[in-house]
Amino acid sequence: MIHVYVGPTLPPDEPLLADPAVRVLPPARHGDLFDPAIADTDTVVLLDGLYHQAAALRHKEILAALARGVRVIGAASIGALRAAELHRFGMQGVGSIFRRYLTGELTGDDEVAVGQAPDGDRQALTWPLVNLRHVLDLAEQDGIVSAATATVLLEEFRAVYYPQRTESAIRAICHRHYASALMVWLPVRRTVDPHFGDLKRLDALKALRTGRSGIEPLLQARADALHWDTPYLRRWHAHFAAEPVDGLQLPTSLRIAYQQIFDPDFPQLWHEHLDQLSRHPGDGEAEMPLAERMGRLTGNHSSPLPVHVVFRIPVDVRDENTVTRLLANESAPDRTSLARCLAANEEARRTITGFMPETVKDAEARHTLQQLWRCPTTALEDAAAARGFRGAAHALDTVKVFMAGLLDEQAQSGTEMEAASDAH
């Protein structure tokens, strides 16, 4: 499968995008390459991406995809920029724009940036500077502008902030520099070729054909040789990783968090998980039962601290065995309840100005945990560690995700009780 991230560079009806082997996706943003639909043997063609309206796709996300075997091709827009930056680590760049970034002829993000419609066909509303460069080169070849005028116009175009680089702005600059002939010549050329001067489109089409060819170049290095697997990447993966279960698309990290908060038997699961990690460590440490490791650490003396306080291990949702162990007690009603909680958050965002789970008061979250775990405030830190949280503060932040759903369930229960009372 070829996963193509495209927006204003190509229209939705572009024939090459109609290939059954092509999965067309909107412009890439932070987290998109954690999509479980992207298999290790698939190809990603990165053309367009967001970086003004949303967090941009991170370099480490691309490196992680490359390391697991995904072929990643970049061209035309942010894809060309990322390919130039990551070419020596295995990302494949295609087209003139990529080569210019690679050689340093182009340096700025604004060379390829455009203002774009927020919905619909996401068409470009402004001119990318790299296309204006190309048009000026062609106009100079046709004798429409001189080299000196082209240089002046390019500097004027560059001085305009990219979302304001509209056709009206371009016309005004040409008129101011007595180059209105440029804006007469261009429409004439486009009567013959509607895409005349669109360098980004040319490169995007080359990238799609390259993706379909299945031929990879000889790469100088591989991403799996880099030390890119950082805590940041693990947190991003935990935030974005999700798989469909029972028809629900639920984040894996929140499925585990739900069990940590609500499963009364989770402390035992967590202890068993720590024991498995001790018996099968992935960092080259000696394999041994958890009790033996604890004994070596304390010199076989009785420790005043429980195991879950000594070993505070972050949950890695990329590890299938970890996910399987920690979701051992999960039920279909649990998943349904989690989905209701997430829906309640969205409803609260729509109806309560400024609502976010993070805005829930700590005191309310603390009271909820004490009720659920049946422990006093003084025992909350230990109870949180026993459930795999870094501490009480981490548990408080986590339970806030479920607070709107809990309040919604309480309100529904109250309504049902009132209805039952009225019936009697």
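For reference, each letter of the sequence shown is one residue, going -17 to 406 in the numbering used here.
Glycine included, every Cβ here is placed at the ideal spot set by N, Cα and C.
Beta-bridge partners of E302 (DSSP): none assigned. The residue from T359, N311, P9 and A3 with its alpha-carbon nearest to that of R348 is T359.
Under DSSP, the beta-bridge partners assigned to T25 are I(-16) and R53. The beta-carbon separation of A374 and A368, rounded to 11 Å, does not stay under the 8 Å limit for a contact.
Contact between V96 and Y144 holds, with the beta-carbon distance rounding to 7 Å and staying under 8 Å.
One thing to note: C323 has its Cβ no nearer than 9 Å to the Cβ of A273. Within the model, the alpha-carbon separation for P(-6) versus Q242 is close to 44 Å. Secondary structure at Q105: coil, using DSSP grouped into helix, strand and coil. Pairing M(-17) with T333, the inter-Cα distance amounts to about 40 Å. The three-state reading of DSSP puts P339 in helix, counting H, G and I together.
Within the DSSP secondary-structure output, R5 pairs in a beta bridge with H(-15). For Q353, the three-state secondary structure derived from DSSP is helix. The beta carbon of A163 is closer than 7 Å to those of I126 in its chain, skipping five residues each way along the sequence. Pairing A46 with L15 gives a Cβ-Cβ distance under 9 Å. As computed with DSSP, L232 is found in a beta bridge with E225. Take P263, set aside five residues on each side of it, and the residues of its chain with a beta-carbon closer than 8 Å to its own are E269, in chain order. Cβ contact annotation for L181 (same chain, cutoff 7 Å, sequence separation greater than five): S78, I79, V112, N113 and H116, in chain order.
Counting along the chain, S150 sits inside the alpha helix (DSSP H) bounded by residues E149 to R158. Between L(-1) and the set V27, D257, K343 and R11, the nearest pair of CA atoms involves V27. In the same chain as R261, and ignoring 5 residues on each side of it, the C-beta atoms closer than 8 Å to its own belong to E269, M270, P271 and L272, in chain order. By the neighbour-count criterion, in which 16 or more other beta carbons inside 10 Å mark a residue as buried, D245 falls on the buried side. Residue state for G75 is assigned as strand, using DSSP reduced to three classes. Distance check between A132 and each of I152, V142, L118 and R140 places L118 closest, using alpha-carbon atoms only. Closest in alpha carbon position to A186, among V94, A377, P233 and A151, is V94.
When beta bridges are read from the DSSP output, G266 appears opposite no residue.
Bounds of the alpha helix (DSSP H) holding P315 are A314 to T333. Counting along the chain, H255 sits inside the alpha helix (DSSP H) bounded by residues F248 to R261.
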